[in-house]
Amino acid sequence: MTNEIVKLTTIETFHQDARVALVRVRTADGAEGWGQTAPAQADITAQVLHRQVAPLVLGKPTIDLSDLDGLAAEVIEQTYKFPGTYVCRALTGVETALWDLRGKLAEKSVCELLGGAPRPFPVYGSSMRRDTTPQEEVERLQRQQEAHGFRAFKLKIGKRAGHDADEWPGRTPQLVAAVRAALGSATELLVDANSCYTPMRAIEMGKLLEDHGYAHFEEPCPYWELEWTAQVARALDIPVAGGEQDFDLHQWRRMFALGSVDIAQPDVCYVGGVARTLRVAKMAQAHNLPCVPHSANHSLVLIFTLHLMGALPNAGQHVEYSIEPQAWAHTFYDPLPVVQDGHVAIPAGPGWGITIRPDWLEKATRQVSEADTE
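The sequence shown begins at 658 in my numbering and counts up by one.
Set out below in structure tokens:
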């Protein structure tokens, strides 16, 4: 066998709680690769992985690591009676582990396998809070800018799935104005409405954002209302971003056909892995649109996204980097991403360029699926 054709013997999952599950694949030759399912409800995702995904992968005589897109498509087709987020979340764990394995066997980073080059990549500081006053948010962002050199930030506006309501009356207009006044025109500002608005209200808020020089209006309407979001995108000059929740590639085709988004934001862990994210990015490129994958925490989704963005021809200007404390995501791999002068380095080592910490694995619940050797 070439190092692109491998025989898998085991697929293992490790989780300490419901926040994250790591995945290890091993070959008959003893090589291994590490990946991760989508965060949140990871214990359930691990069960889906072992019940529905692992048998399909381990049941193949060999795996062609140069065609992980084909493998992902086969898993989705073979689980067609169970369409939904959990199959894609579980598939991500196996698929990203196979990318790591491929990189290690080739002695290249995943970024290099995809045609890119590891390097420092610009990031925007992503605020995840809606409980802050405008002044508190200004002070938080100023501290982050001083400490880490961020040149762009994203704010939360409205209320999550809020039916046009604000987190409290008047917060969003005050926040939008206060942050722009405090950080000035040299800082790029983005917002995320998390499915808050009907089209009329979203357009009103978009005009407010345009008046204050904002550069990105994310998920203005309930994400499943593609026609609503398309209506908003047509009415505004500010680019409308979206897609983090969408795991169905047919839905992505509808989004692009309708003109629902100006910026594509697939989440590697939600959509089903690197190969399926690349499919979305290529669709976006065909419509002359940038791709900025969603990466709202410091788990391995951030590492996956950095490698991808270092290689995408239509990569946007920044990778998303949460400014919130995330101790849970800082315990299971090294080295952790560090922001310096508004950039984070794409890991340069083989595969994902990270090491899973043995002390975390020792405390984790392990489940294993094995290939039939008979």
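C-beta atoms are modelled at their ideal positions from N, C-alpha and C, and glycine is treated no differently. Since the model is a prediction, treat every value here as computed from it, not as a measurement.
When DSSP labels each residue in this structure, what does residue i get in the three-state scheme?
i	result
LEU792	Just to set this straight, residue 792 is Gln in the shown sequence, not Leu. Reduced to three states, the DSSP call for GLN792 is helix.
ASP894	coil
ARG681	strand
LEU755	helix
MET658	In this prediction, MET658 scores a pLDDT of 49, lower than 50, which makes its location untrustworthy; the coordinate-derived value is nonetheless stated afterwards. Coil, per DSSP.
GLY760	helix
GLY827	coil
GLU875	strand
TYR743	helix
GLY727	helix
VAL1001	strand
ASP991	strand
PRO779	strand
GLU734	helix
LYS811	strand
GLY899	strand
Spatial neighbours of residue i within its chain, please: C-beta separation below 8 Å, excluding the five flanking residues on both sides.
i	result
HIS869	VAL833, ALA834, ARG837 and LEU846
GLU794	SER784, ARG786, LEU812, LEU832, ALA835 and VAL836
LEU755	VAL682, GLY690, GLY692, ILE720, LEU722, LEU725 and LEU728
ASP788	GLU824
MET658	Note on MET658: pLDDT 49, under 50, position unreliable in the model; the coordinate value appears next. Excluding residues within five positions, the ones whose Cβ falls inside 8 Å are LYS664 and THR719.
GLN792	ALA835
Within the continuous beta strand (DSSP E) that includes residue i, where are the two ends?
i	result
TRP691	689-693
ILE860	No beta strand (DSSP E) contains ILE860, which is instead part of the alpha helix (DSSP H) from 856-868.
TYR880	Segment: none, TYR880 is in no beta strand (DSSP E) and carries neither H nor E.
PRO1023	Inspection of the sequence shows that residue 1023 is occupied by Arg rather than by Pro. Start and end: 1022-1027.
LEU770	Element bounds for LEU770: not the beta strand (DSSP E) but the alpha helix (DSSP H), 767-770.
If you drop the 5 nearest sequence neighbours on each side, which residues of the same chain put their C-beta closer than 6 Å to that of residue i?
i	result
GLU1027	THR667
ASP700	HIS672 and ALA675
PRO877	ALA850, TYR854, ALA859 and VAL889
HIS975	PRO779, VAL780, TYR781 and ALA809
Looking at residue j and residue i, is the spacing between their C-beta atoms short of 8 Å?
i	j	result
ASN971	LEU993	no
LEU1114	VAL663	Lying outside 658 to 1031, the shown extent of the chain, residue 1114 is not represented and no answer is given.
ALA898	GLU884	no
PHE961	TYR927	no
ILE895	LEU866	yes
VAL1001	LEU963	yes
PRO1004	PRO775	yes
Near residue i, which residues of its chain fall below 7 Å by C-beta distance, leaving aside the five closest residues on each side in sequence?
i	result
SER783	LYS811, ALA953, GLU977, TYR978, SER979 and ILE980
ALA729	LEU748, GLU752, GLY929, GLY930, ALA932 and ARG933
SER956	VAL677, GLN693, PRO696 and ALA986
ASP998	GLY806
ILE1013	LEU679, TRP691, PHE989 and TYR990
Where does the unbroken alpha helix (DSSP H) through residue i begin, and where does it stop?
i	result
ARG911	906-915
PRO712	711-715
VAL925	925-928
ILE1011	Here ILE1011 belongs to no alpha helix (DSSP H), and DSSP marks it neither H nor E.
THR612	Since the first and last residues shown for the chain are 658 and 1031, residue 612 lies out of range.
Check whether the Cβ of residue i sits closer than 7 Å to any heavy atom of the ligand PLP, and report yes or no.
i	result
THR789	Among the components modelled here there is no ligand, and therefore nothing to report on the ligand PLP.
Could you tell me whether the Cβ of residue i comes closer than 8 Å to any Cβ of chain C?
i	result
THR749	Protein chains in the displayed structure number just one, and chain C is not present.
Exercise for the section: Check whether the region 735-747 touches the region 934-948, counting contact only when three or more Cβ pairs, one atom from each stretch, lie closer than 8 Å. Expected result: Because the criterion of three Cβ pairs below 8 Å is not met, the region 735-747 and the region 934-948 do not touch.
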